[in-house]
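In the working numbering, the protein residues as written are 29 to 281. C-beta atoms are modelled at their ideal positions from N, C-alpha and C, and glycine is treated no differently. Small disclaimer: the values here were computed from a predicted structure and weren't measured. Encoded as structure tokens, the structure appears first; notes follow it.
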Ligand code: ADE
């Protein structure tokens with residue numbers, strides 16, 4: 029069982045996420061628990077204050093340290109969790125990061141808000157995480173993105189294990205295109221090869237499309253990927269403008 033504890037002043041933000049699709053099934057099956065912790069429940073004053081002005085002056089308010097530390101103390105009584113805080117300048121979240129987090133049993137995500145969080149909170153943080161170079165008004169959408177990517181990596185969450193293997197990024201390449209019925213829609217045809225029943229050819233076509241997609245859309249990923257000798261031949265063919273049919277004929281596959 030993997031557990032996420034989300035420290036937030038908007039716990040209701042997570043209701044839709046918890047109750048939808050793959051995530052809700054994983055929750056119901058006891059594979060994952062999503063504990064949205066309301067920081068207001070851990071305040072120390074009667075007004076339930078979660079934020080305060082900045083020492084030294086400056087605009088805006090900061091999340092106060094006490095509710096965060098108190099919530100953390102309660103969560104970490106039995107076992108020290110892995111603690112993330114969402115920040116626009118944090119480590120960029122990617123598939124590798126998601127795999128790393130899928131190995132941890134207990135994860136705390138502190139959702140930043142307003143102009144930020146009291147710096148002393150960093151004492152309990154293992155990593156700052158960003159979901160991209162843009163500024164959100166709070167960390168809640170980032171927490172949802174992170175949890176979604178991690179939860180689907182837990183064994184038993186995504187039904188067909190092959191659909192994980194075929195995922196874009198799982199081996200550093202983008203995915204291949206897929207089609208369902210009808211075979212012709214508004215004049216657009218499903219590629220002949222996919223209807224051929226020739227599984228070996230389909231496998232080669234899919235690999236070709238993965239490499240072509242990555243080359244055209246995300247060439248930066250190709251530099252980081254370990255391509256096999258066969259992959260390199262495909263890449264060189266694509267780079268030289270050869271089409272798939274000519275490639276098949278040339279290499280007699
Ligand atoms: N908080 C504000 N912007 C963010 C971002 N891009 N990623 C994570 N947390 C954030």
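Proximity to residue 272 [Cα-Cα], best of 221, 253 and 243:
221
Only counting the same chain, and skipping five residues up and downstream in sequence, which positions put a Cβ closer than 6 Å to that of residue 172?
45
Leaving out the 5 sequence neighbours to the left and right, which residues in its chain are closer than 6 Å to residue 242 when beta-carbon positions are compared?
201, 202, 249 and 250
How is residue 116 classed by DSSP in three states: helix, strand or coil?
strand
Straight-line Cα distance separating residue 157 from residue 74
32 Å
DSSP state of residue 255 mapped onto helix, strand, coil
coil
Quick one: using the 10 Å Cβ neighbour count with 16 as the cut-off for buried, is residue 50 buried or exposed?
exposed
How would you label residue 151, buried or exposed, when you count the other beta carbons within 10 angstroms and need 16 or more for buried?
exposed
Per DSSP, cross-strand counterpart(s) of residue 235
Looking at the DSSP output, residue 235 sits in no beta bridge, so it has no partner there.
Assess contact between the stretch 121 to 129 and the stretch 167 to 183, defined as three or more Cβ pairs (one per stretch) separated by less than 8 Å. Is contact present?
yes
Quick test of the definition: if touching needs 3 or more C-beta pairs under 8 Å, does the stretch 57 to 75 touch the stretch 203 to 215?
no
Can you tell me whether residue 167 sits near the ligand ADE, meaning its C-beta is under 7 Å from at least one heavy atom of the ligand?
yes
6 Å CB neighbourhood of residue 144 in its chain, flanking five on each side removed:
90
Distance CB(residue 261)-CB(residue 240) smaller than 8 Å:
no
Would the C-beta of residue 12 count as close to the ligand ADE, meaning under 7 Å from any of its heavy atoms?
No answer is possible for residue 12: the residues shown for the chain start at 29 and end at 281.
Pairwise C-alpha distance: residue 191 and residue 199
13 Å
Determine the contact status of residue 26 and residue 35, defining contact as a CB-CB distance below 8 Å.
For the chain, the structure presents residues 29 to 281; residue 26 sits outside this window and is missing.
Grab me the residues of residue 98's own chain with a C-beta within less than 6 Å of its C-beta, minus the 5 sequence neighbours each way, in chain order.
70
How many angstroms separate the CA atom of residue 167 from the CA atom of residue 96?
Cα to Cα, residue 167 sits roughly 14 Å from residue 96.
Simplified DSSP assignment, three categories, for residue 208:
Three-state result, residue 208: coil.
Sheet register partners of residue 32 (DSSP bridge)
62 and 135
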